[in-house]
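Report on one structure; see the data block that follows.
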Amino acid sequence: ASYFTEIKQLPPDPLFGLKARYTADPRSDKVDLGIGAYRDNNGKPWILPAVRGAEKKLIESPGYNHEYLGISGYEPFLTAAAEVILGANSRAISESAIVSQQSLSGTGALHLVAVFLNEFFAGNKTVYLSKPTWANHHSVFLSAGLKVDTYPYWDAENKKLDIEGFVSTIQNAPQGSIILLHPCAHNPTGLDPTPAEWNRILDAIAERKHLPIFDSAYQGFASGSLEKDAASIRTAIDSGKISSPIFVCQSFAKNVGMYGERVGALHVILPAGESAESKETLKSAIKSQLNKLTRSEISNPPAYGAKIVATVLTDPESRKQWEEDLVTMSSRIIKMRNELKLKLIGLGTPGTWDHITNQTGMFSFTGLTPDMAERLEKVHGVYLMSSGRASVAGLNDGNVDKVARAFDEVIR
Ligand code: PLP
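Residues 2 to 413 (full-length UniProt numbering) make up the sequence shown, in order.
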């Protein structure tokens with residue numbers, strides 16, 4: 002007898018499949034431009050000096066232990082996490098309008114929002130995602146039961162942001178839809194709206210009474226500035242224009258380099274203008290539901306990474322070091338973008354290459370086709386996604402020349 006209905010074999014995750022082929026490739030000069038994780042100039046994973054220092058302080062601190070956290074997570078972490086993303090002077094903080102819940106990194110925060118909105122959102126339960134977006138966005142929202150749709154983002158012909166398509170799609174979506182936004186370092190295109198474009202996007206969201214979710218996976222990583230990379234979120238909250246709650250999913254995977262520790266938070270920010278009493282009632286109800294979800298899924302969030310990140314954020318010496326580490330990572334990536342562009346121009350590679358330096362953050366949407374990506378892998382041992390997305394963090398002084406020559410060969 003069969004114990005199962007049909008269990009279909011699914012194709013491997015494209016990114017992790019790429020990683021497996023890279024690992025199996027015996028060529029010593031292979032280059033990994035696939036996975037979105039920072040590498041130092043020797044191509045090695047980098048433990049941030051701020052994290053090394055914080056880890057030591059934490060372990061040596063009196064009362065250090067491995068007890069369970071409460072269901073909402075580590076409170077000093079949640080307070081510091083809200084402050085770093087929203088800004089110390091945020092309306093949300095001064096009005097005490099925030100509910101924060103610790104999550105399994107950014108993905109876990111997205112999952113919490115998805116399940117919460119699927120159960121409680123009264124508007125159009127369709128999440129609008131940028132086209133393209135981080136592939137997992139589709140899976141996270143669909144598996145929670147929500148619908149997904151897209152708004153235009155990447156103008157492939159001109160290799161720039163399709164701001165008109167973006168704004169008009171938001172304007173035409175049914176009133177009260179859910180709009181997912183990348184606050185900075187858009188994955189996969191690396192293209193972000195300008196401050197003026199953000200105003201247009203946020204105005205359209207406010208006008209149509211949509212509910213925005215900000216997915217913040219790269220704060221400080223894009224520009225090196227925590228303020229600049231959070232500006233879109235802070236404008237949305239502090240302008241007071243948006244009448245819906247605002248959801249912020251926050252990951253510390255990239256900006257603290259704690260990928261595997263799964264440190265993140267979900268912040269729900271209530272709109273201005275609620276009476277103090279109804280705000281407290283709503284906050285308390287939301288918190289109780291997020292706790293119920295957390296309890297049934299993971300019982301309580303993981304402690305170790307949250308304690309390290311809390312130390313990084315709040316201990317003055319660690320915080321100073323972290324802000325320097327952010328500049329180290331972001332400026333190395335910016336330098337590599339420049340070098341790749343200059344080398345391609347130097348080789349006379351057909352096409353224009355300004356988009357590589359106009360993009361920010363971990364990724365560059367190179368404009369290379371799936372065929373070119375395949376040839377890069379087979380002939381040159383240069384691994385990037387078939388969409389043409391390259392993780393710029395995989396470039397370094399030792400391989401950028403090879404990569405430029407390989408691009409040149411497959412493009413011609
Ligand atoms: N959101 C975006 C846009 C991302 O690029 C990523 C990671 O690549 C995440 C969320 C989630 O990352 P994590 O769950 O590791 O925090």
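For glycine and all other residues, C-beta sits at the position ideal for the given N, C-alpha and C.
Own chain residues within Cβ distance below 6 Å of residue 1, not counting five before or after
Nothing about residue 1 can be read from this structure; the chain reaches only from 2 to 413.
Which listed residue (A407, T315, T358, L294) has its alpha carbon closest to that of G349
A407
- Query: Relative to the alpha-carbon of G71, which residue among Q102, I60, D41 has its alpha-carbon at the smallest distance?
  - Reply: Q102
Problem - Best match in L19, N119, I164 for proximity to I179 [C-alpha to C-alpha] - result: N119
**Request:** Starting from A391, trace the beta strand (DSSP E) both ways and give me its first and last residue.
**Result:** 390-392 is the extent of the beta strand (DSSP E) around A391.
**Q.** Q176 classed as buried or exposed, judged by whether at least 16 other C-beta atoms fall within 10 angstroms
**A.** exposed
What are the boundary residues of the alpha helix (DSSP H) that includes S106?
106-121
Margin query: Let me check understanding here. Comparing Cα to Cα, which of T24, R28, S29 lies closest to I36?
Written below: T24
> Just reading off the beta strand (DSSP E) that T329 is part of, what are its end residues?
Replying inline: Here T329 belongs to no beta strand (DSSP E); instead the alpha helix (DSSP H) covers 317-348.
Proximity to K210 [Cα-Cα], best of L182, S245, E198:
Considering only alpha carbons, the answer is S245.
- Per-residue DSSP class, three states only, for P46: strand
Margin query: Since K255 and Y69 should fall inside the 8 Å C-beta cutoff, what is the C-beta to C-beta distance between them, to a whole number of angstroms?
Written below: Going by Cβ atoms, the distance from K255 to Y69 rounds to 27 Å, so no, they are not a contact pair.
Original post:
Can you round the beta-carbon distance between residue 422 and T361 to whole angstroms, since I take them to be within the 8 Å contact cut?
Top reply: Lying outside 2 to 413, the shown extent of the chain, residue 422 is not represented and no answer is given.
What do you reckon, are the CB atoms on R263 and G109 nearer than 8 Å? yes
Practice item. Have a look at S73 and I412 and give me their C-alpha separation to the nearest angstrom. Key: 51 Å
| Beta carbon of P213, beta carbon of I206: below 8 Å? | Taking a C-beta distance under 8 Å as the contact criterion, P213 and I206 qualify as a contact pair.
I believe G368 touches G347 by the beta-carbon criterion, under 8 Å. Please report the beta-carbon distance rounded to the nearest angstrom.
Wrong, their Cβ atoms sit about 18 Å apart, outside the cutoff.
Original post:
On the three-state DSSP scale, how would you describe L212?
Top reply: The answer is strand: DSSP assigns L212 an E or B state.
_So, with DSSP's three-state summary, where would you put G306?_
helix
inquiry  = For H356, list the residues DSSP reports as bridge partners.
reply    = Its beta-bridge partners do not exist; DSSP assigns none.
Report task. Compare the Cα-Cα distances from R53 to each of T312, V393, G382 and report the closest residue. Result -> T312
Who are I238's beta bridge partners in DSSP?
Partner(s): none; I238 has no beta bridge.
- Taking 7 Å as the line, does the beta carbon of T151 fall inside it for any heavy atom of ligand 1? no
What separation, rounded to the nearest whole angstrom, lies between the Cα atoms of N292 and V114? 13 Å
Exercise for review: Check whether the Cβ of H183 lies closer than 7 Å to any heavy atom of ligand 1, and answer yes or no.
Suggested key: yes
Residues of its chain near P15, where Cβ-Cβ distance is below 8 Å and the 5 sequence neighbours each way are ignored: A136, M386, S387
Helix, strand or coil for H67 per DSSP? coil
Considering only heavy atoms of ligand 1 and the C-beta of each residue, which residues fall inside 5 Å, strictly closer?
If you measure from each CB to the nearest heavy atom of ligand 1, the residues under 5 Å come out as G37, S106, G107, T108, W135, N188, D216, A218, S252, A254.
| query | Once you ignore the five residues that flank L182 on each side, which residues in its own chain have a CB closer than 6 Å to its CB? | reply | P213, F215
message: Once the 5 residues before and after K284 are set aside, which same chain residues still bring their CB inside 6 Å of it?
response: V100
| message | Which of the three DSSP states is assigned to I179 in this structure? | response | strand
Which residues bound the alpha helix (DSSP H) around D230? 227-230
Keeping to the same chain, check which residues put their C-beta closer than 6 Å to that of D409; ignore five residues upstream and five downstream. L348, T350
Separation of I171 from P272, as counted between CA atoms:
Whole-angstrom Cα-Cα distance: 20 Å.
Exercise for the section: Using alpha carbons as the reference points, say which of F142, N43, H112, K132 lies closest to K126. Expected result: F142
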